[in-house]
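Presented below is the structure to which this report refers.
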Amino acid sequence: MNTPVLSTDTLTKRYGRHTALTEATLDIPAGRIVGLVGPNGAGKSTLLALAAGLIRPTSGHIHVLGRTPAADAHQLADVGFVAQDTPVYATLTVADHLTMGKRLNPTWDDTFARTRIQQIGLDPTKKAGRLSGGQKAQLALTIAAAKRPKLLIFDEPVAALDPLARRAFLQNLMEFVAELDISVILSSHLIGDVERVCDHLIVLAESRVQVAGEIDDLTANHHRLIGPRGTLDTLPDGIDLIAADHTDRQTTLIVHNTTGHPLDLPGADTIGLEDMVLTYLHRAEGLTAPTLQETRA
Amino acid sequence: MIDFHLEPRSGVAPYMQLVHQVQQALRLGMLDVGDQLPTVKQVVAKIAINPNTVLKAYRELERQGLVAPQPGRGTFVTATLADDTLDAHAELKTALQAWITRAREAGLDDAAIQALFDTTIRKAPQVTP
Numbered sequence: 001m002n003t004p005v006l007s008t009d010t011l012t013k014r015y016g017r018h019t020a021l022t023e024a025t026l027d028i029p030a031g032r033i034v035g036l037v038g039p040n041g042a043g044k045s046t047l048l049a050l051a052a053g054l055i056r057p058t059s060g061h062i063h064v065l066g067r068t069p070a071a072d073a074h075q076l077a078d079v080g081f082v083a084q085d086t087p088v089y090a091t092l093t094v095a096d097h098l099t100m101g102k103r104l105n106p107t108w109d110d111t112f113a114r115t116r117i118q119q120i121g122l123d124p125t126k127k128a129g130r131l132s133g134g135q136k137a138q139l140a141l142t143i144a145a146a147k148r149p150k151l152l153i154f155d156e157p158v159a160a161l162d163p164l165a166r167r168a169f170l171q172n173l174m175e176f177v178a179e180l181d182i183s184v185i186l187s188s189h190l191i192g193d194v195e196r197v198c199d200h201l202i203v204l205a206e207s208r209v210q211v212a213g214e215i216d217d218l219t220a221n222h223h224r225l226i227g228p229r230g231t232l233d234t235l236p237d238g239i240d241l242i243a244a245d246h247t248d249r250q251t252t253l254i255v256h257n258t259t260g261h262p263l264d265l266p267g268a269d270t271i272g273l274e275d276m277v278l279t280y281l282h283r284a285e286g287l288t289a290p291t292l293q294e295t296r297a
Numbered sequence: 001m002i003d004f005h006l007e008p009r010s011g012v013a014p015y016m017q018l019v020h021q022v023q024q025a026l027r028l029g030m031l032d033v034g035d036q037l038p039t040v041k042q043v044v045a046k047i048a049i050n051p052n053t054v055l056k057a058y059r060e061l062e063r064q065g066l067v068a069p070q071p072g073r074g075t076f077v078t079a080t081l082a083d084d085t086l087d088a089h090a091e092l093k094t095a096l097q098a099w100i101t102r103a104r105e106a107g108l109d110d111a112a113i114q115a116l117f118d119t120t121i122r123k124a125p126q127v128t129p
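So the sequence lines, in the order shown, correspond to chains W and A.
So for the first sequence, full-length UniProt numbering puts the first residue at 1; every next one is plus one.
So for the second sequence, full-length UniProt numbering puts the first residue at 1; every next one is plus one.
As structure tokens, then:
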């Protein structure tokens with residue numbers, strides 16, 4: 001359990017002149033459910049594809065479960081990857097999918113797969129093309145989990161699902177995690193979902209990792225400081241400024257306390273996960289959050 | 001057995017929300033010594049939450065001396081919060097009602113009272129037992 005599930009060192013991926021991922025350095029312990037968030041084009045899919053071994057880095061290093069991604073059959077069996085929109089084979093039945101999974105995966109757990117399909121209420125004789133979006137997602141999840149991987153990777157698994165299907169998918173995924181002792185990395189635009197199911201967070205924007213860490217630590221150590229203008233010009237050591245906003249009377253700062261001690265500054269309040277993520281995304285784009293502009297000259 | 005829920009917009013960490021819900025149930029007498037808490041698997045299947053979050057909440061409740069795990073059986077309530085504070089409720093409520101009356105007489109509306117209470121309770125030093 002001590003081998004990190006994902007560790008990267010200045011991991012970079014370029015496509016021609018376009019850099020999709022720039023010098024990502026990450027260290028994620030095993031047993032976590034990792035949320036990967038960021039705007040479209042931030043490099044989320046690139047990072048996930050690198051972890052799954054579907055593409056190779058341009059420079060830098062990546063290790064998944066302590067080894068090079070897709071190095072051999074063992075490593076392939078240890079990682080389950082579900083691409084965007086949870087693809088299934090439209091003309092094959094649900095039962096065909098399970099047979100294929102069994103033939104292609106030496107570690108396939110057929111009892112587990114059949115039990116789950118029954119529990120979700122999928123008709124084995126139905127063609128996958130005729131399943132609803134939620135059912136397709138559940139089928140893809142079941143197949144990925146039935147090969148009993150140590151790491152499951154999902155690229156925006158719930159993006160196309162309605163709220164009911166989304167919740168059902170996440171319930172099922174959490175049950176797998178409780179039952180199978182696996183690590184999960186999933187990308188999502190829905191911070192609420194990430195807060196609910198993840199315990200570790202990576203914020204990616206403009207191809208760079210903006211912040212990463214345990215969610216409880218991150219939310220406990222990010223604060224909003226509000227004070228009269230001019231009173232918050234200097235910050236103690238170890239208090240990193242993430243964003244600053246000024247009106248002519250008031251200053252609002254978002255800070256990251258890296259001292260390891262509780263923040264002892266007047267007017268400090270914690271911020272929620274969503275505000276924290278948005279602050280980093282705004283900063284990466286070189287914007288500050290929209291504020292009230294003084295119209296007076 | 002009690003049920004958990006999660007309020008995503010509350011700003012309270014999910015594991016603390018579970019801790020608060022158990023404390024609340026203990027205070028109100030919905031949970032008593034010997035009662036079993038839902039298993040981790042039951043909670044995650046019900047509210048789609050990270051199993052580690054449930055474990056973290058149960059560890060925190062254990063640290064507070066309210067529950068204890070019994071290997072292979074589950075987590076059980078070992079103490080209650082009801083007796084200690086219920087007696088004080090009535091008196092505190094009377095004092096609070098008098099205070100609210102004073103605040104309204106001073107011209108505060110309900111939103112102002114709520115804001116004053118929220119900021120004061122947040123700034124009041126917490127005494128941890």
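Just so you know, even glycine gets a beta-carbon here, dropped at the ideal spot from N, CA and C.
Here A24/W is bridged, per DSSP, to L11/W. Counting along the chain, the unbroken alpha helix (DSSP H) around E62/A starts and ends at 51–63.
Residue environment for S187/W: buried (at least 16 other C-beta atoms within 10 angstroms of its C-beta). Three or more pairs of CB atoms, one per stretch, sit closer than 8 Å, so the segment 39–54 of chain A contacts the segment 173–184 of chain W. The Cβ of L50/W sits no closer than 7 Å to any Cβ of chain A. At a cut-off of 7 Å, the C-beta of Q171/W has a neighbouring C-beta in chain A.
Per DSSP, the beta-bridge partners of A244/W are L253/W. Residue contact with chain W for I113/A: absent (no Cβ-Cβ distance below 7 Å to any residue of chain W).
The segment 50–67 of chain W makes no contact with the segment 222–230 of chain W, as fewer than three CB pairs between them are under 8 Å. DSSP lists T93/W as the beta-bridge partner residues of K127/W. Taking C-beta separations shorter than 8 Å and ignoring five residues to either side along the sequence, the partners of K126/W in its chain run T93, V94, following chain order. Pairing A90/A with L170/W gives a Cβ-Cβ distance that is not under 7 Å. Here H74/W carries a helix assignment [DSSP, helix/strand/coil]. Around the Cβ of N105/W, a 10 Å sphere holds 16 or more other Cβ atoms; the residue is buried.
With a cut-off of 8 Å on Cβ pairs, the segment 1–16 of chain A is not in contact with the segment 233–241 of chain W, counting fewer than three such pairs.
In the same chain as W108/W, and ignoring 5 residues on each side of it, the C-beta atoms closer than 8 Å to its own belong to G101, K102, A146, K147, R148, in chain order. For G192/W, no beta strand (DSSP E) segment is defined; the enclosing uninterrupted segment is the alpha helix (DSSP H) at 191–197. Secondary structure note for F154/W: its beta strand (DSSP E) is the uninterrupted segment 151–154.
Residue contact with chain A for A160/W: absent (no Cβ-Cβ distance below 7 Å to any residue of chain A). DSSP places P14/A in the helix class (H, G or I) of the three-state scheme. In the three-state reduction of the DSSP assignment, P163/W falls in the helix class, which pools H, G and I. By the CB criterion at 7 Å, A83/W and D155/W fall inside the cutoff. Using beta-carbon distances, K123/A does not count as an interface residue toward chain W, since no partner is under 7 Å. Look at S188/W here: in three-state DSSP terms it is coil, with no helix or strand label. Under the DSSP assignment, E274/W falls in the alpha helix (DSSP H) whose first and last residues are 273–284. Bounds of the alpha helix (DSSP H) holding S45/W are 44–52. Residues of chain A whose Cβ lies closer than 7 Å to the Cβ of E195/W are, in chain order, P8, P14. Per DSSP, the unbroken beta strand (DSSP E) holding D269/W starts and ends at 268–270. Secondary structure at H18/W: strand, using DSSP grouped into helix, strand and coil.
Across the structure, R122/A and L11/W are spaced so that their CA atoms are roughly 43 Å apart. In the DSSP annotation of this structure, I226/W is not part of any alpha helix (DSSP H); the continuous beta strand (DSSP E) holding it starts and ends at 222–228. Interface flag for P51/A against chain W is set, since a Cβ pair is found closer than 7 Å.
Taking the Cα positions, D35/A is about 39 Å away from V277/W. Non-local beta-carbon contacts of L26/W in its own chain, meaning distances under 7 Å to residues more than five positions away in sequence, involve L6, S7, T8, I202, V209, A212 in chain order.
Around the beta carbon of A90/W, a 10 Å sphere encloses fewer than 16 other beta carbons of the protein chains shown; the residue is thus reported as exposed. Taking the Cβ atoms as the reference, S183/W lies roughly 6 Å from R32/W, within the contact range of under 8 Å.
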